[in-house]
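So the structure is just underneath, and the comments pick up after that.
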Amino acid sequence: MRSARAVAAFDLLTPATAEEALSALRSAAPGALAVLAGGTDLLFDLDDGRLASRTVLSLRRLPWRTLAWDGAALTIGSTLPLRTLENDPGVRTRLPGLYAAVRAVGSVALRHRATLGGNLGRSAPASDLIPILLALDAEVELVGPEGARTVLVDRFVQGSRKTALRPDELIRAVRIPEARPSAYLLQRVRPFHDISHMAVAVAYSPRRESWRVALAGFPPRPILVPEAGELLRGPRPSSAEVVRAAETAAQLAPIVADKRASEEYRRALVKPLLERAVRACASSGGAT
Amino acid sequence: MTSPVLRLTVNGRPTALDSVPVAERLLDTVRWRLGLKGTKEGCRTGGCGACTLLVDGRPTLSCLTLTHEVEGSGITTVEGVSEDPVGARVQAAFEAVGAVQCGYCTPGFVMTLTGLLKERGSAEAFEELLNDLAGNLCRCTGYASIVRAVAAVREKSP
Ligand SMILES: Cc1cc2nc3c(=O)[nH]c(=O)nc-3n(C[C@H](O)[C@H](O)[C@H](O)COP(=O)(O)OP(=O)(O)OC[C@H]3O[C@@H](n4cnc5c(N)ncnc54)[C@H](O)[C@@H]3O)c2cc1C
Ligand code: FES
Ligand code: FES
């Protein structure tokens, strides 16, 4: 077959149940099996030789393409295409920050295949979904041989391609405990279909009466900045509070340079992005 | 590393394929196995949209899709898009306003826009529709006429 790039050859397993998928994982030698959801990250890892796996475990037949609201809580199946998540009217109105973050991922045609489970599995420093999941206190539901366990996204994500996932586990779902006024803003060369140099996610929890501020775009991983969140009080913080929170985040966050942007440029972006995000969030106030 | 028979419906026709390697991309199946060269290979890394076709009506990057992963699905390529009334309108609009220079990006734009209009109807705001086309690049940079084609399709939408 003609093609411009080398394509790695492999075998494909397509289990129909979680039990079958888990038993395939359990019986494989370490690193022998690669898990495939949308493939928009994994196929590069295979073709470029970053993964030596010669068997691919496809999740496509598992019944995990789900989206369920339970009151104010939302559970998103790990293999639900991002475009389907974006098309849910509740996500758009009740979780505006998540909606904006999903729309920031690649293009429509990419989002018809790419999944939330895959975004967490890859755990990229410039992920557009991890920062908003941090601001929403989202949890990852994992299934393994001993059953299910739940881990906060903040604990799950450890660095680029580094997560708390054990080799015999799969990501089943992501749970967002409550709909929150939220916002996601970023700086890129092009507003769509590009990689973020700097991104800010904020959310206000009506239940905890507190703010969460997350930053992303720089290595090693998206982070929460609790010192900034603590300076904001109530659903509509004062201008002085917003400015102080933004200055604090710009100063304290462990921002570094990489090939895409300098540390100085990134720190300079934090303040305007964070101020705008908090204001957008406060004005969407009663959206939940 | 191959499987005996793989079934797809391609432009409305049931198609059975033999011995497709599991690593094969839908782009290669369509272009080299089925000989449908309307679907273009640009970057092969998800960055340009030239390879976009419809899988069960949804715009999909065929360069990042394993053919086996869409087994049993309906594939629409630019060769079959005029059989769909929305697709026919999109094609006619690109032609009418001359939104085609070298034409390499055109199938990708036509398929993405067709999929978007079928998914969202004419309810989608114009700005939003343009943002949703951001994954399609035109290396001839003929964007102004492409935007005019999008506007023309929307005007003619029922
Ligand atoms: C052109 C292009 C543009 C992109 N733009 C963006 C962008 O703007 N923002 C952004 O955040 N990302 C972007 N990405 C990256 C990518 O599309 C996302 O990370 C996507 O969400 C990955 O999902 P997937 O289903 O395709 O993952 P896959 O490639 O299938 O998997 C990714 C990793 O996660 C593992 N995995 C997947 N699902 C599970 C599961 N259920 N359990 C355990 N492990 C699992 C896989 O083994 C693999 O290691 C882009 C990619 C491309 C090619
Ligand atoms: S060839 Fe598929 S996106 Fe460029
Ligand atoms: S018309 Fe030549 S690439 Fe768009």
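Those protein sequence lines, which keep their order, are chains A and B. In this text, residue positions in the first sequence follow the numbering used here: the first is 1, and each later residue adds one. In this text, residue positions in the second sequence follow the numbering used here: the first is 1001, and each later residue adds one. Glycine residues also receive a C-beta, built at the ideal position from the N, C-alpha and C atoms. In this text, all values refer to a predicted model and were calculated from it rather than measured experimentally.
*What number of angstroms, rounded off, separates the C-alpha of G97/A from the C-alpha of S196/A?*
In the first sequence, counting from the first residue as 1, residue 97/A sits at position 97. In the first sequence, counting from the first residue as 1, residue 196/A sits at position 196. Straight-line Cα distance between these residues: approximately 16 Å.
*Looking only at DSSP bridge pairs, what is S160/A linked to?*
By one-based count along the first sequence, residue 160/A stands at place 160. Answer by DSSP bridge pairing: none, since S160/A is not bridged.
*asked:* Does the contact criterion of 3 or more C-beta pairs under 8 Å hold for the stretch 121-139 of chain A versus the stretch 183-199 of chain A?
replied: yes
*For R149/A, collect the residues of the same chain with a Cβ closer than 6 Å to its Cβ; drop the 5 residues on either side in sequence, then sort them by chain order.*
In the first sequence, the residue the question calls residue 149/A occupies position 149. Hits under 6 Å: L142.
*asked:* Using a Cβ distance threshold of 8 Å, determine whether the stretch 1093-1110 of chain B contacts the stretch 1022-1030 of chain B, with at least three qualifying pairs required.
replied: no
*S205/A to R180/A, Cα distance in whole Å?*
Walking along the first sequence from the start, residue 205/A turns up at place 205. Walking along the first sequence from the start, residue 180/A turns up at place 180. Roughly 6 Å separates the two Cα atoms.
*Hey, quick one: how far does the alpha helix (DSSP H) through E1095/B stretch, first residue to last?*
Counting from 1 along the second sequence, the entry for residue 1095/B is found at position 95. That run of the alpha helix (DSSP H) goes P1085 to V1097.
_Rounded to the nearest angstrom, what separates V1055/B and R267/A at their Cα positions?_
Within the second sequence, the letter at position 55 stands for residue 1055/B. Within the first sequence, the letter at position 267 stands for residue 267/A. Cα to Cα, the separation comes out at about 42 Å.
*Using the Cα positions of V256/A and P81/A, report the straight-line distance between them to the nearest angstrom.*
By 1-based counting over the first sequence, the position of residue 256/A is 256. By 1-based counting over the first sequence, the position of residue 81/A is 81. Roughly 32 Å separates the two Cα atoms.
*asked:* Residues around ligand 3, please: the ones whose beta-carbon is closer than 7 Å to some heavy atom of it, in chain order.
replied: V1100/B, Q1101/B, C1102/B, G1103/B, Y1104/B, C1105/B, T1106/B, C1138/B, R1139/B, C1140/B and G1142/B
*asked:* Can you tell me whether P191/A is buried or exposed? The criterion is at least 16 other CB atoms within 10 Å of its CB, across all chains shown.
replied: What you label residue 191/A is simply residue 191 of the first sequence in a count that begins at 1. When all chains shown are included, P191/A counts as exposed.
*asked:* Here's a check: name, in chain order, each residue in its chain whose Cβ is nearer than 6 Å to the Cβ of L269/A, leaving out the five neighbours to either side.
replied: As a position in the first sequence, residue 269/A is number 269, starting the count at 1. So the list reads Q187 and M198, once near-sequence residues are dropped.
_By the three-class DSSP mapping on this structure, what secondary structure does L344/A have?_
In the structure displayed, chain A extends from 1 to 288; residue 344/A sits before or after that span and is not available.
*With 8 Å set as the bound, which would you pick, yes or no: does the beta-carbon of G1046/B sit closer than that to a beta-carbon of chain A?*
Start at 1 with the first residue of the second sequence, and residue 1046/B comes out as number 46. Yes, contact with chain A.
_Using DSSP's beta-bridge definition, name the partner residues of G1047/B._
Taking the second sequence and counting its residues from 1, the one referred to as residue 1047/B is at position 47. Answer by DSSP bridge pairing: none, since G1047/B is not bridged.
*May I have the straight-line CA-CA distance separating V1078/B from G77/A, to the nearest angstrom?*
Here the question's residue 1078/B lines up with position 78 in the second sequence. Here the question's residue 77/A lines up with position 77 in the first sequence. One C-alpha to the other measures close to 32 Å.
*Three or more beta-carbon pairs under 8 Å between the stretch 1122-1132 of chain B and the stretch 1080-1091 of chain B, yes or no?*
no
*Where K271/A and V102/A are concerned, what is the direct C-alpha to C-alpha distance, given to the nearest angstrom?*
As a first step, residue 271/A must be located in the first sequence, where it is residue number 271. As a first step, residue 102/A must be located in the first sequence, where it is residue number 102. The straight-line gap from Cα to Cα measures roughly 23 Å.
*Quick one: using the 10 Å Cβ neighbour count with 16 as the cut-off for buried, is S283/A buried or exposed?*
Residue mapping note: residue 283/A aligns to position 283 of the first sequence, counting from 1. Exposed, because fewer than 16 other Cβ atoms sit within 10 Å of the Cβ of S283/A.
*Give every residue of the same chain whose Cβ lies closer than 8 Å to the Cβ of V1110/B, excluding the five residues on either side of it in the sequence, and list them in chain order.*
For the purposes of this step, residue 1110/B is taken as residue 110 along the second sequence, with counting starting at 1. Only V1078, V1081, G1087, V1090, Q1091 and F1094 meet the Cβ criterion.
*Going straight from the alpha carbon of R1007/B to that of D1028/B, what length do you get?*
Counting from 1 along the second sequence, the entry for residue 1007/B is found at position 7. Counting from 1 along the second sequence, the entry for residue 1028/B is found at position 28. Each residue's alpha carbon lies about 16 Å from the other.
*Kindly identify the DSSP beta-bridge partner or partners of G147/A.*
For this step, residue 147/A is matched to residue 147 along the first sequence. DSSP lists G144/A as partners of G147/A.
*Secondary structure at Q1101/B, three-state DSSP: helix, strand or coil?*
What you label residue 1101/B is simply residue 101 of the second sequence in a count that begins at 1. In this structure, Q1101/B counts as coil in the three-state DSSP scheme.
*Would the C-beta of E1041/B count as close to ligand 2, meaning under 7 Å from any of its heavy atoms?*
Within the second sequence, the letter at position 41 stands for residue 1041/B. Answer for E1041/B: yes, Cβ within range of ligand 2.
*asked:* Rounded to the nearest angstrom, what separates G1017/B and P219/A at their Cα positions?
replied: Taking the first residue of the second sequence as position 1, residue 1017/B is located at position 17. Taking the first residue of the first sequence as position 1, residue 219/A is located at position 219. Note that residue 1017/B is Leu in the sequence shown here, rather than Gly. Each residue's Cα considered, the two are about 44 Å apart.
*Short CB-CB distance (under 8 Å) between G39/A and chain B*: Position 39 of the first sequence, counted from the start, is the residue given in the question as residue 39/A. By this cut-off, G39/A is an interface position.
*If you measure from the CB of L1008/B, is any heavy atom of ligand 2 nearer than 7 Å?*
For the purposes of this step, residue 1008/B is taken as the residue at position 8 of the second sequence. Every heavy atom of ligand 2 is 7 Å or more from the Cβ of L1008/B, so no.
*Limits of the unbroken beta strand (DSSP E) element including G77/A*: Your numbering for residue 77/A matches position 77 in the first sequence. Segment A73 to G77, the beta strand (DSSP E) holding G77/A.
*asked:* Given the structure, does N119/A come close to ligand 1, in the sense that its CB is under 7 Å from one of the ligand's heavy atoms?
replied: Your numbering for residue 119/A matches position 119 in the first sequence. Within the cutoff, so yes.
*With burial defined as no fewer than 16 other Cβ atoms inside 10 Å of the residue's Cβ, what is the status of E209/A: buried or exposed?*
Along the first sequence, read from residue 1 onward, the residue named residue 209/A stands at position 209. Classification of E209/A: exposed, given that the 10 Å Cβ count is below 16.
*Beta carbon proximity, G1142/B to chain A, threshold 8 Å*: For the purposes of this step, residue 1142/B is taken as residue 142 along the second sequence, with counting starting at 1. Cβ-Cβ to chain A under 8 Å: no for G1142/B.
_Counted within 10 angstroms of its Cβ, other Cβ atoms place A68/A as buried (16 or more) or exposed_ = By one-based count along the first sequence, residue 68/A stands at place 68. So A68/A counts as exposed.
*Is F156/A buried or exposed, if buried means 16 or more other CB atoms sit within 10 Å of its CB?*
Position 156 of the first sequence, counting from 1, holds the residue named residue 156/A. Answer is buried; the Cβ neighbour count reaches 16.
*Cβ shell of A287/A (< 6 Å), same chain only, five flanking positions each side left out*: As a position in the first sequence, residue 287/A is number 287, starting the count at 1. Low confidence applies here, because A287/A scores a pLDDT of 41, under 50, leaving its location unreliable; read the following figure in that light. For A287/A, where only same-chain residues beyond five positions count, the Cβ hits under 6 Å are P181.
_Residues in the same chain with beta-carbon distance under 8 Å from H193/A, minus the five sequence neighbours each way, listed in chain order, please._
Within the first sequence, the letter at position 193 stands for residue 193/A. These residues qualify, in order along the chain: G106 and S107.
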